[in-house]
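Here's the structure, in C-alpha cells; my notes come after.
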Amino acid sequence: MDANALAIINTLNSAGFQGYLVGGCVRDLLCGKRPKDFDIATDATLPEVKKLFRRARIVGRRFPIVHVRHGREIIEVSTFRQSISNNVVHDDQGMILRDSTEGTLEEDAFRRDFTINALYYDPIQAEIIDFVGGLADIKRQRIRFIGKPAVRIAEDPVRMLRAIRFAAKLGFDIDAAITDLSADAADRLAAIPPARLFDEFTKLFLSGHSLAVWELLVSFGLATTLFPACNPNSSLATLAMRNTDHRIAEGASVTPGFLLAIVLWEDFQARLANSLSASDHPAVLTLRDQQQRIAVPRRFSTFIHEVWGLQVRLETRSRRSASRLLQHKRFRAGYDFLCLRAESEPELQETASWWTTLQSVDAETRGAMIAALPQTKRRRRRKKSEPT
Ligand code: ATP
Ligand code: MG
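For this note's numbering, add 2 to where a residue sits in the sequence shown, where the first one is 1.
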C-alpha cells in the first residue's frame, strides 16, 4: 500500500472527511499487479481538498480532480460523483460534457466505468467496499460495465478503449455486451477531442502490452478509428508492438513517436510513390491526416519525420554520409526502425546487418567498412524523401 496515499487519507479523516483508495490501484493490487498510480475518492469538495494540502491543485475540465503532490508522486483525489440524473451536462448524443460532484460513496461507485474499477479500499477498517460485483468479476477475470453498456458507451466512447487497455493488461475477457458495441463506439469516437485521444493512445501503447492492445483494436475494428490510414494486417506493426513490449519489460525507453511512425509507414510509402505532382511533402500529408484523429504533439511529429527521413539515407549507405549518420541524434531510432523493416522485407537484411556490424567493430575496421562503400551522390532520391 502506498504510504503517501495513506497519509492523504489520514489527513482527510482528521478533517472529518471520508477517504478511500479506489480504481486502478485497488484492482491491480487484487490482481497481484503493481499499481501504476493511486486514486483517492472523498466526500470533501475539491476546494476543501485543496485547502488541506500545501501542494495541491485542481486540474481537468470534464472531470475536475485535485492533484496532490507528495515528493515526486502525484496522487489524484476526486470528489464522489452524484447519480447521473443530477446536474450532469450531456450533448444530444448522450455524451457527458460536464460532470457533477458531491455525491455519496454509493452514488460514486455507480458512476465508474467497469465493475473491476469501482472497488474502494477503506484503510481504517481494512476492508474492500463493493457495490457493483467487482470482486466477482475480478475472480472471473471479466470486464463488465456498470449499468447498460450502450448508455455507458454513449456517455463516453473512450470507455471502449479503456476496456481494451484493461483486457490487454490484465488478460481479462471483455463482456460480449461490450464487444457488440464496438462499431457504435467507433462512430462515436470521432467526436472525441484529438488531444484526449492522444492521451489515451499513449496509455494504450506504452503500458507494456501493446501487442495485445493492437490485436484487440484490430479485432474490434478500431485500429482504423485511431489510425485511419493504417493497415490493420501490417506485419511491421505486429513486430514493432512485440518489440515495444520487450523494451518496456527490460526497462528500455519507448516513445509514442516510434509506434506512430510504424503504423503510418505504409501510408507514407504509398504517398511517396505517388507524390510526383503533390506540392506538400508526403510525410506532412500523412501526419496531417492523422492529426484529425489524434493530436500528435510537435516533438513527436518531428521525431517521426526524422526517423522516416533516415530510412532512405540508411538504405543508401554512401561513403560521404555513413559516419555522419552514426552521429545523427535519431540514428538509434532510425536504425531500430530499419531493423524492424528488415524482418518483414528480406531485401533490407543485408543493409541492416551492415549497420549492426558497423556499430560493433573498432574504429579502424569501421573506417575500412565506410571506405569500401560506393561514393554515391548524397541524394539518391528526390528531395521530397528527405526529412523536413
Ligand atoms: P490505470 O491508472 O491503471 O491506468 P485506472 O483504472 O486507475 O487505471 P484512471 O484513468 O486512473 O484508470 O481512472 C481512475 C478511476 O476513475 C477508474 O478506475 C474508474 O473508476 C474511474 N474512471 C476513469 N475514467 C473513467 C471514465 N471515462 N468513465 C468512468 N469512470 C472512469
Ligand atoms: Mg489510476
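Cβ atoms here follow ideal geometry from the backbone N, Cα and C, with glycine treated the same way.
The structure displayed is predicted, hence computed values, not measured ones.
8 Å Cβ shell around residue i - same chain, five flanking residues per side excluded
| i | result |
| --- | --- |
| L183 | P151, A152, I155, M162 |
| Q294 | P196, P230 |
| T390 | At T390, the pLDDT of 47 sits below 50, so the modelled position is not reliable and the matter cannot be decided from this model. |
| E366 | none |
| L350 | E317, L340, R343, A344 |
| V309 | G259, F260, A263, R332, A335, G336, F339 |
Selection from the options that minimises the alpha carbon distance to residue i
| i | options | result |
| --- | --- | --- |
| L48 | F40, T81, D41 | T81 |
| C232 | W267, K171, R100 | W267 |
| L316 | S303, T304, I296, Y337 | Y337 |
| D41 | T257, A17, L8, G18 | L8 |
| I126 | W356, F19, P159 | F19 |
| I148 | D93, P348, D115, A128 | D115 |
| D39 | K53, I145, D4 | D4 |
| L360 | P348, Q377, F333, E347 | F333 |
| L107 | L99, G26, I131, R368 | I131 |
| F207 | A185, F260, I194 | F260 |
| D175 | Q95, G62, K141 | K141 |
| T181 | L199, A192, F200, R144 | R144 |
| T13 | K52, S209, R59 | K52 |
| L262 | T117, E78, F339, A370 | F339 |
| D30 | L54, D110, N119, S85 | N119 |
| L213 | M243, F203, S355 | M243 |
| R71 | A58, V79, I264, R83 | A58 |
| I77 | F305, G26, R63 | G26 |
| V61 | L54, F305, H69 | H69 |
| G21 | D158, P37, A128, G73 | A128 |
| G96 | V314, R368, A193 | A193 |
| R100 | R290, D158, R56, E50 | D158 |
| R64 | E50, V363, L54, R83 | R83 |
| D189 | S277, R56, V160 | V160 |
| P234 | D247, V220, T246 | V220 |
| V79 | A111, V24, V28 | V24 |
| S85 | Y122, I98, E75 | I98 |
Chain-order list of residues whose beta-carbon lies under 7 Å from that of residue i (same chain, five-residue window excluded)
| i | result |
| --- | --- |
| I372 | R321, A324, S325 |
| L218 | I166, A169, A170 |
| A46 | L14, F19, T81 |
| I11 | G21, I42, P125 |
| R368 | L360 |
| G210 | D247, I250, A251 |
N- and C-terminal bounds of the alpha helix (DSSP H) containing residue i
| i | result |
| --- | --- |
| G136 | 136 to 141 |
| A193 | Taken as a continuous stretch (DSSP letters only), A193 belongs to no alpha helix (DSSP H), as it is neither H nor E. |
| A169 | 160 to 172 |
| I10 | 5 to 16 |
| D269 | 258 to 275 |
| L54 | 48 to 54 |
| L183 | Neither: L183 is in no alpha helix (DSSP H) and is coded neither H nor E. |
| I306 | 300 to 318 |
| R471 | No information on residue 471 is available, as it lies outside the stretch 3 to 390 that the chain covers here. |
| I113 | Inspection of the sequence shows that residue 113 is occupied by Arg rather than by Ile. It spans 107 to 113 - the alpha helix (DSSP H) in which R113 sits, taken as one unbroken run. |
| R290 | 284 to 293 |
| I155 | 151 to 157 |
| L228 | 225 to 228 |
| L213 | 212 to 221 |
Span of the beta strand (DSSP E), counted from its first residue to its last, around residue i
| i | result |
| --- | --- |
| P21 | The sequence shown places Gly at residue 21, not Pro. Its beta strand (DSSP E) spans residues 21 to 24. |
| A58 | 58 to 61 |
| I42 | 41 to 44 |
| V79 | 75 to 81 |
| D132 | 129 to 132 |
| R71 | 67 to 72 |
| P372 | Note that residue 372 is Ile in the sequence shown, not Pro. Counting along the chain, I372 falls outside any beta strand (DSSP E), though it belongs to the alpha helix (DSSP H) covering 365 to 373. |
| I250 | Note, I250: premise wrong, no beta strand (DSSP E); alpha helix (DSSP H) at 237 to 251. |
| D124 | 121 to 124 |
| L350 | Where L350 is concerned, there is no enclosing beta strand (DSSP E), given that its DSSP letter is neither H nor E. |
Any chain D beta carbon closer than 8 Å to residue i
| i | result |
| --- | --- |
| E308 | The structure shown contains no chain D; it is built from a single protein chain. |
Close beta carbons around residue i, own chain, < 6 Å, minus the five adjacent residues each side
| i | result |
| --- | --- |
| R382 | Low confidence applies here, because R382 scores a pLDDT of 48, under 50, leaving its location unreliable and the question unanswered by this model. |
| L32 | I140 |
| W357 | Y337 |
| E388 | Note that E388 has pLDDT 48, beneath the 50 cutoff, so the model's placement of it is unreliable and the number below is only indicative. Excluding sequence neighbours, E388 sits near G311. |
| E75 | N6 |
| L289 | S303 |
Check: residue i C-beta below 7 Å from any heavy atom of the ligand SAM
| i | result |
| --- | --- |
| G18 | Among the ligands modelled here, namely the ligand ATP and the ligand MG, the ligand SAM does not occur. |
* To do: Say whether the stretch 223 to 230 touches the stretch 326 to 333, bearing in mind that this needs 3 or more beta-carbon pairs closer than 8 Å, one atom from each stretch.
  => no
* Asked: Quick check: the stretch 339 to 356 against the stretch 232 to 240, are there 3 or more CB pairs under 8 Å?
  -> yes
* Asked: Between the stretch 248 to 257 and the stretch 267 to 277, do at least 3 Cβ pairs fall closer than 8 Å?
  -> no
* **Environment of the ligand ATP in chain order, Cβ to heavy atom below 5 Å** => G25, G26, K38, D41, R114, D115, N119, D158
* When the Cβ atoms of the stretch 162 to 174 are set against those of the stretch 127 to 136, are three or more pairs found closer than 8 Å? -> no
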